[in-house]
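Only one structure is covered here, and it is reproduced in the block below.
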Amino acid sequence: MRPKLVVGNWKMNGSRANNATLLAGIVEGLGNGKANAAVCVPAPYLQQCADVLAGTTLAWGAQDVSLHASGAYTGDVAASMLVDFACRYVIVGHSERRAYHGETDHMVAQKALAALDAGLTPIVCVGETLAEREAEQTNVVVGKQLSAVLELLDGDAVERIVVAYEPVWAIGTGKTATPAMAQEVHAQLRSRLRERSGLAAEKVAILYGGSMKPDNAVELMQQADIDGGLIGGAALKAADFLAIINAA
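Sequential numbering of the sequence shown, starting at 169, is according to my numbering.
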(Lines of atoms letter the chains of each structure in order from A and count residues from 1; the text may use other names and numbers.)
(Lines give C-alpha, C1' and ligand atoms only; values in the text may rest on other atoms or scores of the structure.)
Protein backbone atom coordinates (compact mmCIF):
# COMPACT_ATOMS: atom_id res chain seq x y z
CA MET A 1 0.00 0.00 0.00
CA ARG A 2 1.36 3.40 -0.96
CA PRO A 3 2.02 5.74 2.00
CA LYS A 4 -0.02 8.92 2.07
CA LEU A 5 1.72 12.25 1.43
CA VAL A 6 0.44 15.70 2.39
CA VAL A 7 2.23 18.75 1.00
CA GLY A 8 1.43 22.35 1.85
CA ASN A 9 1.83 24.88 -0.96
CA TRP A 10 2.14 28.30 0.67
CA LYS A 11 2.07 30.05 -2.71
CA MET A 12 3.15 33.72 -2.35
CA ASN A 13 2.29 34.01 1.33
CA GLY A 14 4.29 34.35 4.51
CA SER A 15 6.65 36.48 6.56
CA ARG A 16 9.49 35.46 8.84
CA ALA A 17 7.36 36.08 11.92
CA ASN A 18 4.24 34.35 10.63
CA ASN A 19 6.25 31.45 9.25
CA ALA A 20 7.91 30.88 12.62
CA THR A 21 4.53 30.64 14.34
CA LEU A 22 3.05 28.39 11.66
CA LEU A 23 6.00 26.00 11.50
CA ALA A 24 6.22 25.78 15.28
CA GLY A 25 2.54 24.90 15.46
CA ILE A 26 2.85 22.18 12.83
CA VAL A 27 5.96 20.66 14.38
CA GLU A 28 4.38 20.67 17.84
CA GLY A 29 1.25 19.01 16.48
CA LEU A 30 3.22 16.34 14.67
CA GLY A 31 5.18 15.44 17.77
CA ASN A 32 7.29 12.34 17.25
CA GLY A 33 4.92 10.91 14.68
CA LYS A 34 6.28 9.64 11.38
CA ALA A 35 4.27 12.06 9.27
CA ASN A 36 4.82 11.89 5.54
CA ALA A 37 4.33 15.61 5.09
CA ALA A 38 6.10 18.66 3.71
CA VAL A 39 5.73 22.38 3.08
CA CYS A 40 6.70 24.06 -0.20
CA VAL A 41 7.48 27.68 0.56
CA PRO A 42 8.57 30.85 -1.29
CA ALA A 43 12.29 30.70 -2.09
CA PRO A 44 13.31 33.49 0.33
CA TYR A 45 12.09 31.35 3.23
CA LEU A 46 13.92 28.14 2.41
CA GLN A 47 16.75 28.93 4.83
CA GLN A 48 14.22 29.57 7.59
CA CYS A 49 12.68 26.17 6.91
CA ALA A 50 16.09 24.52 6.88
CA ASP A 51 16.90 26.10 10.25
CA VAL A 52 13.56 25.39 11.91
CA LEU A 53 12.71 21.98 10.49
CA ALA A 54 16.07 20.22 10.56
CA GLY A 55 15.70 17.12 12.71
CA THR A 56 11.89 17.15 12.58
CA THR A 57 9.60 14.86 10.60
CA LEU A 58 8.35 17.72 8.39
CA ALA A 59 10.15 18.00 5.06
CA TRP A 60 10.34 21.14 2.94
CA GLY A 61 10.69 22.18 -0.66
CA ALA A 62 10.27 24.91 -3.25
CA GLN A 63 7.43 26.00 -5.51
CA ASP A 64 9.35 26.14 -8.78
CA VAL A 65 12.74 25.36 -10.31
CA SER A 66 14.62 26.44 -13.41
CA LEU A 67 15.01 24.01 -16.26
CA HIS A 68 18.58 25.35 -16.57
CA ALA A 69 21.52 24.26 -14.41
CA SER A 70 23.08 27.74 -14.31
CA GLY A 71 23.66 30.80 -16.45
CA ALA A 72 22.18 34.15 -17.42
CA TYR A 73 18.62 33.48 -16.27
CA THR A 74 17.84 36.38 -13.97
CA GLY A 75 15.31 35.50 -11.31
CA ASP A 76 15.47 31.74 -11.87
CA VAL A 77 16.52 29.29 -9.16
CA ALA A 78 18.53 26.22 -10.14
CA ALA A 79 17.87 22.77 -8.74
CA SER A 80 21.37 22.68 -7.25
CA MET A 81 20.52 25.83 -5.27
CA LEU A 82 17.46 24.13 -3.80
CA VAL A 83 19.66 21.21 -2.79
CA ASP A 84 21.86 23.71 -0.93
CA PHE A 85 18.84 24.44 1.26
CA ALA A 86 18.25 20.70 1.86
CA CYS A 87 14.97 20.70 -0.05
CA ARG A 88 13.38 17.33 -0.68
CA TYR A 89 10.56 18.42 -2.97
CA VAL A 90 9.84 20.98 -5.66
CA ILE A 91 6.52 21.73 -7.33
CA VAL A 92 6.64 21.88 -11.14
CA GLY A 93 3.89 22.83 -13.55
CA HIS A 94 1.43 24.29 -11.06
CA SER A 95 -1.59 25.66 -12.92
CA GLU A 96 -0.69 29.19 -11.83
CA ARG A 97 2.76 28.83 -13.41
CA ARG A 98 1.20 27.48 -16.57
CA ALA A 99 -1.43 30.24 -16.72
CA TYR A 100 0.55 33.29 -15.55
CA HIS A 101 4.02 32.42 -16.83
CA GLY A 102 3.20 30.53 -20.01
CA GLU A 103 4.82 27.26 -18.99
CA THR A 104 4.26 24.57 -21.59
CA ASP A 105 4.02 20.82 -21.04
CA HIS A 106 7.54 20.44 -22.42
CA MET A 107 8.96 23.10 -20.10
CA VAL A 108 7.33 21.38 -17.14
CA ALA A 109 8.84 18.08 -18.22
CA GLN A 110 12.29 19.68 -18.47
CA LYS A 111 11.90 21.13 -14.99
CA ALA A 112 10.95 17.71 -13.63
CA LEU A 113 14.03 16.22 -15.23
CA ALA A 114 16.26 18.98 -13.80
CA ALA A 115 14.85 18.30 -10.34
CA LEU A 116 15.40 14.56 -10.61
CA ASP A 117 18.95 15.02 -11.87
CA ALA A 118 19.70 17.04 -8.74
CA GLY A 119 18.19 14.44 -6.43
CA LEU A 120 14.96 16.31 -5.74
CA THR A 121 11.46 14.86 -5.93
CA PRO A 122 9.36 16.84 -8.41
CA ILE A 123 5.66 17.19 -7.65
CA VAL A 124 4.28 17.27 -11.19
CA CYS A 125 0.99 19.16 -11.38
CA VAL A 126 -1.66 18.38 -13.98
CA GLY A 127 -5.22 19.61 -14.29
CA GLU A 128 -7.96 20.93 -16.51
CA THR A 129 -9.82 24.24 -16.67
CA LEU A 130 -13.58 24.51 -16.28
CA ALA A 131 -13.98 24.95 -20.05
CA GLU A 132 -11.96 21.79 -20.68
CA ARG A 133 -14.01 19.81 -18.17
CA GLU A 134 -17.28 21.02 -19.64
CA ALA A 135 -16.00 19.99 -23.08
CA GLU A 136 -15.31 16.51 -21.62
CA GLN A 137 -11.59 16.90 -22.33
CA THR A 138 -10.33 16.24 -18.81
CA ASN A 139 -8.66 12.90 -19.52
CA VAL A 140 -7.16 14.17 -22.77
CA VAL A 141 -5.70 17.26 -21.09
CA VAL A 142 -4.23 15.61 -18.00
CA GLY A 143 -3.04 12.64 -20.01
CA LYS A 144 -1.14 14.93 -22.37
CA GLN A 145 0.38 16.86 -19.47
CA LEU A 146 1.59 13.71 -17.73
CA SER A 147 2.78 12.06 -20.94
CA ALA A 148 5.07 15.01 -21.68
CA VAL A 149 6.91 14.24 -18.44
CA LEU A 150 6.95 10.47 -18.83
CA GLU A 151 8.33 10.69 -22.35
CA LEU A 152 11.35 12.69 -21.13
CA LEU A 153 12.31 10.39 -18.25
CA ASP A 154 14.59 7.39 -18.71
CA GLY A 155 14.83 4.18 -16.77
CA ASP A 156 13.37 4.17 -13.29
CA ALA A 157 13.23 7.98 -13.00
CA VAL A 158 9.45 7.87 -13.36
CA GLU A 159 9.27 5.98 -10.08
CA ARG A 160 10.77 8.98 -8.28
CA ILE A 161 8.14 11.57 -9.14
CA VAL A 162 4.97 12.62 -7.36
CA VAL A 163 1.90 13.59 -9.40
CA ALA A 164 -0.68 16.12 -8.24
CA TYR A 165 -4.07 16.40 -9.91
CA GLU A 166 -5.41 19.91 -9.45
CA PRO A 167 -8.63 20.74 -11.28
CA VAL A 168 -8.01 24.40 -12.07
CA TRP A 169 -11.67 25.25 -11.51
CA ALA A 170 -11.42 24.04 -7.90
CA ILE A 171 -8.29 25.95 -6.82
CA GLY A 172 -9.04 28.80 -4.46
CA THR A 173 -12.69 28.86 -5.50
CA GLY A 174 -14.07 26.83 -2.64
CA LYS A 175 -15.31 24.29 -5.17
CA THR A 176 -14.10 20.74 -4.88
CA ALA A 177 -14.43 17.78 -7.19
CA THR A 178 -16.55 15.11 -5.56
CA PRO A 179 -14.53 12.13 -4.31
CA ALA A 180 -15.90 10.10 -7.23
CA MET A 181 -14.92 12.77 -9.77
CA ALA A 182 -11.44 13.05 -8.31
CA GLN A 183 -11.00 9.27 -8.15
CA GLU A 184 -11.96 8.91 -11.79
CA VAL A 185 -9.15 11.21 -12.89
CA HIS A 186 -6.65 9.70 -10.45
CA ALA A 187 -7.46 6.26 -11.83
CA GLN A 188 -6.81 7.51 -15.37
CA LEU A 189 -3.47 8.94 -14.28
CA ARG A 190 -2.58 5.67 -12.56
CA SER A 191 -3.44 3.83 -15.76
CA ARG A 192 -1.16 6.13 -17.73
CA LEU A 193 1.67 5.43 -15.30
CA ARG A 194 1.01 1.69 -15.63
CA GLU A 195 1.37 1.91 -19.39
CA ARG A 196 4.89 3.15 -18.80
CA SER A 197 5.84 1.04 -15.78
CA GLY A 198 3.89 -1.31 -13.57
CA LEU A 199 6.25 -0.59 -10.70
CA ALA A 200 5.82 3.15 -11.11
CA ALA A 201 2.04 2.76 -11.04
CA GLU A 202 2.36 1.05 -7.66
CA LYS A 203 4.97 3.41 -6.19
CA VAL A 204 4.09 6.90 -7.43
CA ALA A 205 1.86 8.95 -5.13
CA ILE A 206 -0.93 10.86 -6.87
CA LEU A 207 -2.12 13.77 -4.75
CA TYR A 208 -5.37 15.68 -5.02
CA GLY A 209 -4.86 19.44 -5.22
CA GLY A 210 -8.28 21.04 -5.50
CA SER A 211 -9.29 22.78 -2.25
CA MET A 212 -8.76 19.83 0.10
CA LYS A 213 -9.81 20.82 3.61
CA PRO A 214 -10.22 19.08 6.98
CA ASP A 215 -13.90 18.45 6.34
CA ASN A 216 -13.41 16.62 3.03
CA ALA A 217 -9.92 15.16 3.42
CA VAL A 218 -10.95 11.82 4.89
CA GLU A 219 -13.48 11.00 2.18
CA LEU A 220 -11.13 12.10 -0.60
CA MET A 221 -8.21 10.07 0.73
CA GLN A 222 -10.37 6.97 1.15
CA GLN A 223 -10.48 6.70 -2.63
CA ALA A 224 -8.32 3.94 -4.07
CA ASP A 225 -6.01 6.13 -6.14
CA ILE A 226 -5.85 9.32 -4.04
CA ASP A 227 -2.61 9.13 -2.09
CA GLY A 228 -2.72 12.46 -0.28
CA GLY A 229 -3.10 16.14 -0.98
CA LEU A 230 -1.37 19.23 -2.29
CA ILE A 231 -2.84 21.76 0.11
CA GLY A 232 -3.20 25.49 -0.53
CA GLY A 233 -5.12 27.76 1.85
CA ALA A 234 -5.54 25.13 4.57
CA ALA A 235 -1.75 24.76 4.77
CA LEU A 236 -1.48 28.30 6.14
CA LYS A 237 -3.28 27.33 9.35
CA ALA A 238 -1.48 24.84 11.56
CA ALA A 239 -4.67 23.28 12.94
CA ASP A 240 -6.17 22.75 9.48
CA PHE A 241 -2.95 21.37 8.00
CA LEU A 242 -2.51 18.99 10.93
CA ALA A 243 -6.12 17.82 10.59
CA ILE A 244 -5.47 16.90 6.96
CA ILE A 245 -2.24 15.12 7.88
CA ASN A 246 -4.13 13.18 10.56
CA ALA A 247 -6.82 12.32 8.00
CA ALA A 248 -4.09 10.79 5.85
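Built from N, CA and C at the ideal position, the CB exists for glycine as well.
The segment 320–405 contains, as complete alpha helix (DSSP H) runs of 4+ residues, the segments 347–364, 366–371 and 382–389 (chain order). Separation of Pro210 and Met180 (C-alpha to C-alpha, rounded to the nearest whole angstrom) is 6 Å.
For Ala203, no alpha helix (DSSP H) segment is defined, and its DSSP state is neither H nor E. From the listed residues Asp324, Lys172, Tyr257 and Ala188, the smallest Cα separation to Leu404 is found for Ala188. Ala350 and Ser248 have their C-alpha atoms roughly 34 Å apart.
Taking the Cα positions, Asn414 is about 16 Å away from Ala227.
The continuous stretches of beta strand (DSSP E) do not include Gly243, and DSSP gives it neither H nor E. For Cys293, the enclosing beta strand (DSSP E) starts and ends at Thr289 to Val294. Taking C-beta atoms as the reference points, Ala218 and Ala192 fail to come closer than 8 Å. A direct Cα-Cα distance of roughly 31 Å separates Arg328 from Thr341.
Your pair Val336 and Ser263 checks out as a contact, with CB atoms roughly 5 Å apart and the cut at 8 Å. Ranked by Cα distance from Thr346, the options Leu198, Gln216 and Leu388 are led by Leu388. Relative to the Cα of Asp273, the nearest Cα in the group Glu302, Glu296 and Lys371 belongs to Glu296.
Ala205 is a Cβ neighbour of Val174, given a cutoff of 8 Å. The C-alpha of Val258 is placed about 19 Å away from the C-alpha of Ala402. Taking the Cα of Gly223 as reference, the smallest distance to any Cα among Ala203, Ser238 and Ala368 is reached at Ala203. In the three-state reduction of the DSSP assignment, Cys255 falls in the coil class, being assigned neither a helical nor a strand state. For Val174, the uninterrupted beta strand (DSSP E) run begins and ends at Leu173 to Asn177, by DSSP. Counting only the Cα atoms, His236 lies some 39 Å from Asn384. Ile291 has its alpha-carbon roughly 5 Å from the corresponding atom of Val331. One thing to note: Val326 has its Cβ within 8 Å of the Cβ of Arg364. Using a 10 angstroms sphere on the CB of Glu304, the tally of other CB atoms stays under 16, which defines it as exposed. Rounded to whole angstroms, the gap between the alpha carbons of Gly397 and Ala406 is 15 Å. CA-CA distance, Asn186 to Gln216, rounds to 11 Å.
For Val260, DSSP records a beta bridge to Val292. In the three-state reduction of the DSSP assignment, Ala227 falls in the strand class.
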